[in-house]
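**Q**
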Amino acid sequence: VTATAAATTTADIQLTSSGDLIYQELFWDALVPADYTPEAIMAKYADELAQIVDGSPEASELYGRMQAEFNNAPINEALDGAFIKLPGFIAPLEFTDNEITEFLLVPYFGACIHVPPPPINQTVLVRLQPGFGINPADAYYPIWVMGQITTEKSTTELASAGYTMQDAIYELYEPE
């Protein structure tokens, strides 16, 4: 798999001389519109966060308010249909034959275990190609996910996602 800043829409699909698809290598900031900063939400609640006890009713109520704002975070509509390569960590959703076949791709380890999860513009629902599942032993390591991203929003038992990738493939992350 070759990663270059090439394919951005189905009309712009580019192939290598051997016929392999060229994916546009992106990082998480590309999924966020330029005029949005999730840090502003965290700053808005910083004083309250510093005073609550994790697991308390007050914490649950505060996390709920924060999550409502994160779930309304804007997405980058220009990415709809792009063939991309994105690094991240997984929050498993579906297992088949001792493989993880569906997961949320998030920018940092443990993102959907801790409350609140990342904004929807920092969460991608990924469904891997059949036979291309992730070994559970590799679930703790960062990965690259390659495929066509859409701006289809979804809600899972762990978090909401602003993007979806169907029939994706992956490889273990190694910085280039």
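Going by our numbering, the sequence shown wraps up at 184, each residue one higher than the last. Don't be surprised by glycine CBs; every beta carbon is placed ideally from N, CA and C.
Can you list, in chain order, the residues of its chain with a C-beta nearer than 8 Å to that of Leu70? Leave out the 5 residues immediately preceding and following it.
**A** Working through the sequence shown from its first residue, we reach residue 70 at position 62. Result list for Leu70: Tyr53, Glu56, Leu57, Ile60, in chain order.
**Q** Taking buried to mean at least 16 other C-beta atoms within 10 Å of its own C-beta, is Ser68 buried or exposed?
**A** As a working note, residue 68 is residue 60 in the sequence shown. When all chains shown are included, Ser68 counts as exposed.
**Q** Could you tell me which of Ala86, Asp146, Leu136 sits nearest to Pro41, measuring between CA atoms?
**A** As a working mapping, residue 41 is identified with position 33 in the sequence shown. It is Ala86 whose Cα lies nearest to the Cα of Pro41.
**Q** Under 6 Å: does the beta carbon of Ile60 sit that close to some heavy atom of the ligand ATP?
**A** Annotation note on the ligand ATP: not contained in the displayed structure, which lists no ligands.
**Q** Which one of Asn84, Gly72, Glu102 has the shortest CA to CA distance from Asn143?
**A** Mapped onto the sequence shown, residue 143 falls at position 135. Nearest of Asn84, Gly72, Glu102 to Asn143, Cα basis: Glu102.
**Q** Fully enclosed by the stretch 41-120, which alpha helix (DSSP H) runs are 4 residues long or longer?
**A** Listed in chain order, the complete alpha helix (DSSP H) runs (minimum 4 residues) inside the stretch 41-120 are 46-52, 54-59, 65-78.
**Q** Note down the Cα distance separating Leu34 from Asp105, rounded to an integer number of angstroms.
**A** The count along the sequence shown starts at 1 and reaches residue 34 at position 26. The count along the sequence shown starts at 1 and reaches residue 105 at position 97. If I take the Cα positions, the gap works out to 31 Å.
**Q** If I measure Cβ to Cβ from Thr223 and keep anything under 8 Å in the same chain, skipping five residues before and after, which residues do I get?
**A** It is not possible to answer for residue 223, since the shown part of the chain is limited to 9 through 184.
**Q** Under 7 Å, do Pro126 and Val134 count as touching if we go by C-beta distance?
**A** As a working mapping, residue 126 is identified with position 118 in the sequence shown. As a working mapping, residue 134 is identified with position 126 in the sequence shown. No, these two residues do not count as a Cβ contact at 7 Å.
**Q** How would you label Phe140, buried or exposed, when you count the other beta carbons within 10 angstroms and need 16 or more for buried?
**A** As a position in the sequence shown, residue 140 is number 132, starting the count at 1. Counting Cβ neighbours within 10 Å, Phe140 comes out exposed, since fewer than 16 surround it.
**Q** Classify Asn80: buried if its beta carbon has 16 or more other beta carbons within 10 angstroms, exposed otherwise.
**A** Here the question's residue 80 lines up with position 72 in the sequence shown. That one is exposed.
**Q** Drop a sphere of 10 angstroms on the beta-carbon of Thr45, count the other beta-carbons inside from all chains shown, and report buried for 16 or more, exposed for fewer.
**A** To locate residue 45, count along the sequence shown from 1; it is residue 37. That one is exposed.
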